[in-house]
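Numbering (the working numbering), first residue to last: 1 to 285. Heads up, the beta-carbon is just placed ideally off N, CA and C, and yes, glycines get one too.
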């Protein structure tokens, strides 16, 4: 039976009233050459990834490199939707302040990302794990102010349920600690989160964020049923970031289709691809 071409196309991801063509969200930090920001490398990697949404840490957006160049000078604001994030914030108050700054900045640049924020409130500087209490506090304030909130969270099903119940447009559970490259350490929790958040709304977007080290981590996230993946270090820290960006894009597509195609059950013993009946009888002397 032939499969229609449309069945093999990845539809846009819908978050609030956004329709996002690429389900790979890519960060803009950590692209370095000789210890200095390499914006040309960043731009080439973003292009290779095929992403539509790029994240920018609001607390760094006004900084310039030694040549007086700004990160935003290297982003085509007509091509990319900027997702301001509150990275580096450790309290709800700081995160709310950063979100407001991001909105003000992007409104001035006429970028559609001005209306939303990737909310990130960290608990401590060593693990960089989210602070669930401060995250909930910040989300409540930002939602009342009309932000479209994409909430970075621990892989905790209860916390993720509460963030959705508050009104967050997407919940983004971590695969493992930020920048660790450990991949998805607890796939069972991700499965539970997906099951619970999609129980009454199958289209509710759940995006795996943080800890991706290589392409197979992206594939696993999508095979679990995630709607997208957000990553930064896995590309920026690779030996060849542009090549890795291409690999991440291909991995996402493979995982998306594999989840929907349905993997075969795992079995303890072999199951022959060809039937055992009707074999040619062995020649006996």
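Reduced DSSP secondary structure (H/G/I, E/B, other) of residue i
i           : result
residue 158 : helix
residue 273 : coil
residue 209 : strand
residue 236 : helix
residue 36  : strand
residue 147 : coil
residue 90  : coil
residue 81  : strand
residue 31  : coil
residue 133 : helix
residue 198 : coil
residue 225 : coil
residue 192 : helix
residue 70  : strand
residue 153 : strand
residue 241 : helix
residue 170 : strand
residue 260 : helix
residue 43  : helix
residue 53  : strand
residue 19  : strand
residue 267 : coil
residue 248 : helix
residue 128 : coil
residue 26  : strand
residue 122 : strand
6 angstroms CB neighbourhood of residue i in its chain, flanking five on each side removed
i           : result
residue 113 : 81, 82, 83, 106
residue 157 : 192, 193, 196
residue 9   : none
residue 243 : none
residue 181 : 213
Proximal residues to residue i (C-beta, below 8 angstroms), its chain only, five neighbours per side dropped
i           : result
residue 12  : 19, 20, 21
residue 127 : 177
residue 39  : 31, 65, 69, 71, 73, 74
Contact check, residue i vs residue j, beta carbons under 8 angstroms
i           : j           : result
residue 159 : residue 140 : no
residue 206 : residue 170 : yes
residue 32  : residue 56  : no
residue 354 : residue 248 : The shown model of the chain, from 1 to 285, leaves out residue 354, and the question about it has no answer.
residue 261 : residue 219 : no
residue 45  : residue 235 : yes
residue 134 : residue 86  : no
residue 225 : residue 259 : yes
residue 131 : residue 183 : no
residue 151 : residue 172 : yes
residue 58  : residue 232 : no
residue 99  : residue 147 : yes
residue 136 : residue 90  : no
residue 251 : residue 215 : yes
Cβ neighbours of residue i in the same chain (closer than 7 angstroms, five flanking residues each side left out)
i           : result
residue 96  : 138, 141, 142
residue 43  : 74
residue 101 : 58
When the options are compared against residue i, the one with the closest alpha-carbon
i           : options            : result
residue 256 : 239, 227, 266      : 227
residue 77  : 184, 110, 146      : 110
residue 53  : 17, 24, 250        : 24
residue 51  : 75, 36, 37         : 75
residue 174 : 216, 225, 230, 126 : 230
residue 116 : 90, 144, 89        : 144
residue 124 : 98, 93, 101, 88    : 88
residue 69  : 37, 99, 94         : 37
residue 239 : 108, 41, 154       : 41
residue 30  : 108, 185, 237      : 237
residue 185 : 35, 79, 108, 154   : 154
residue 190 : 208, 181, 204      : 208
residue 14  : 204, 241, 266      : 204
Buried versus exposed call for residue i [16 or more other C-beta atoms within 10 Å across all chains shown]
i           : result
residue 268 : exposed
residue 118 : buried
residue 264 : exposed
residue 103 : buried
residue 179 : buried
residue 270 : exposed
residue 202 : exposed
residue 272 : exposed
residue 213 : buried
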